[in-house]
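Reading through the structure tokens given below for one structure.
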Amino acid sequence: MRVIGRVAALMLDYLENYMLEGGYKVGGKSGKVLERAFRDEAFLTWVNAYEEYMPGFKQKLAETLMNLFTPRNDVLELFRKGLVPILSVEKLELLKSRLEKATSIPFEKSVKWARKYLPKGTRIKVDVYITVDGFNWGMARPGKIFLSILQGEPTEESLKGLAHEFHHAGAIYWLNKNKKLNALKSSNEHARILAEVFTYFVTEGLANWYFGLSTISAIQGDEERYRLVKKFEGEMPRLLNSAEQLLKWIYERHEPIEDLKALFKSLSVDTSGQGFPAGHFLSGKMVGTMDNSNIIKKEEIIELVKQPFNFFDLYNKVADENSKLNTGLLEKIKKQIEEWTTTPAPTR
Ligand SMILES: [Zn+2]
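Per the numbering used here, the sequence shown runs over residues 25 to 372.
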């Protein structure tokens, strides 16, 4: 495991020069640092992690960084708002010392924690990138974990929170080996979204339940998160309906596909700045329902990273009658998976 501080170091260097030069200057130090950042391998690794999900992110990030005091009307506004408050000598010094501390954190502890809820033989081989990120405190991609120092001081306690991201890394190890999931991904566009949906519910469900939701009521001083969780609890029927609608549309091969993508995004991406998408809550609660039952063994839940397509069935097995997903629909989805993974993709 490598711990790479360059992404944060470049960002802090840029912000410092931006402040000293009174804004972005093409021929100035700020200009040079930004140019260097966008050619740096580590920095681009972080940028590309977003680019995958938000096409055009790289360009928008550059624009945002060059105009930190110009409000935006896109999703980067959140990012900009995160950076503006640190544009002072004291704040930048504080972040520099955080960066130094972060690079010497014993991340192995988080890995150990994550392994408690992963099957035997899970390989967690990741590099940790320390970032200054206005969107996410923690984020995982295959082989990589990104940890932002913007949101707070990394402490031993926050390492437990980081176990969420290491759990993703372990889950991805198994999901990437799943032949059926890979076949879906290389089938038609609806099948690809279905693969994403199962991946999302399994990864976020387990990570959110075992490293968050199950202890939410015990979390001291996290009033905001607690209130948000209470709000989502009241919205559970609506959230379950959204999940069902998503599966229904995939099965029906609903068009335009943008409807489907928007619905999935409304669950999986949080653009409100609360940092906690509704789908994280929903999937976490579904795993919680399994975990709290006497019928389902913990091993079965943990094995979901190997058998992702069992997720909704396992949930339905123990959910209250009025919280179950439509069983007929789940059956149809299963048949559809068989069909999509055994016949070649249609050429349109
Ligand atoms: Zn997550």
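Idealized CB from N, CA, C, for every residue including glycine.
Just so you know, these numbers come straight off a predicted model, no measurement behind them.
* For the region 63-91, list the beta strand (DSSP E) runs that are entirely contained and at least 3 residues long, ordered along the chain. => Not a single unbroken stretch of the beta strand (DSSP E) spanning 3 or more residues falls wholly within the region 63-91.
* To do: Spell out the partners DSSP gives F170 in its beta bridges.
  => Walking along the sequence shown from the start, residue 170 turns up at place 146. Answer is Y153 and M163, bridged to F170.
* **Beta-carbon gap between G308 and N232 smaller than 8 Å** => Your numbering for residue 308 matches position 284 in the sequence shown. Your numbering for residue 232 matches position 208 in the sequence shown. Contact flag set, yes.
* Straight-line CA distance for A138 to N316? -> The sequence position of residue 138 within the sequence shown is 114, counting from 1. The sequence position of residue 316 within the sequence shown is 292, counting from 1. Roughly 19 Å between the two C-alpha positions.
* According to the neighbour-count rule (16 or more other Cβ atoms, all chains shown, within 10 Å of its Cβ), is D37 buried or exposed? -> As a first step, residue 37 must be located in the sequence shown, where it is residue number 13. D37 should be labelled buried.
* Through-space distance from P143 to N265, alpha-carbon basis -> Against the sequence shown, residue 265 aligns to sequence position 241. Against the sequence shown, residue 143 aligns to sequence position 119. Between N265 and P143, the C-alpha separation is close to 31 Å.
* Exposure label - S172; buried when at least 16 CB within 10 Å -> Along the sequence shown, one-based indexing puts residue 172 at 148. S172 comes out buried.
* To do: Please report how far the alpha carbon of E276 lies from the alpha carbon of G145, in whole angstroms.
  => Stepping through the sequence shown from its first residue, residue 276 is reached at position 252. Stepping through the sequence shown from its first residue, residue 145 is reached at position 121. It is roughly 38 Å from the alpha-carbon of E276 to the alpha-carbon of G145.
* **Helix, strand or coil at A215 [DSSP, three-state]** => Translated into positions along the sequence shown, residue 215 becomes position 191. In the structure shown, A215 sits in a helix (DSSP, three-state: H, G or I).
* To do: State buried or exposed for Y74, treating a residue as buried only when at least 16 other CB atoms are found within 10 Å of its CB.
  => Within the sequence shown, residue 74 is the residue found at index 50, counting from 1. Classified as buried, Y74 has 16 or more neighbouring CB atoms from the shown chains inside 10 Å of its CB.
* Pick out whichever of V311, N318 and V150 has its Cα sitting closest to the Cα of E327. => Counted from its first residue, the sequence shown places residue 327 at position 303. If we check each option's Cα against that of E327, V311 comes out closest.
* To do: When you get a sec, list the residues whose CB is within less than 6 Å of any heavy atom of ligand 1, chain order please.
  => Result: H188, H192, E228 and A231.
* Put S241 into one of helix, strand or coil per three-state DSSP. => The sequence position of residue 241 within the sequence shown is 217, counting from 1. Note that S241 scores a pLDDT of 48, beneath 50, so its modelled location is shaky; the value from the coordinates is reported in the next line. Shown here, S241 sits in a helix according to DSSP, grouped into three states.
* Asked: Thinking just about the alpha-carbon of each residue, which of R165, G158, K140 and Y141 is nearest to the one in K149?
  -> In the sequence shown, residue 149 corresponds to position 125, counting from 1. Nearest to K149 by C-alpha distance, out of R165, G158, K140 and Y141, is R165.
* Would the beta-carbon of Y141 fall within 8 Å of that of Y234? -> On the sequence shown, residue 141 is found 117 positions in, with the first residue counted as 1. On the sequence shown, residue 234 is found 210 positions in, with the first residue counted as 1. Y141 is a Cβ neighbour of Y234, given a cutoff of 8 Å.
* **Burial state of F93, where buried means 16 or more other Cβ atoms lie within 10 Å** => Locating residue 93 in the sequence shown gives position 69, counting from the first residue. By the neighbour-count criterion, in which a residue is buried when 16 or more other Cβ atoms sit within 10 angstroms of its Cβ, F93 is exposed.
* Mind checking K47: buried by the 16 CB within 10 Å criterion, or exposed? -> Counted from its first residue, the sequence shown places residue 47 at position 23. Before going on, a small fix: residue 47 reads as Gly here, not Lys. Label assigned to G47: exposed.
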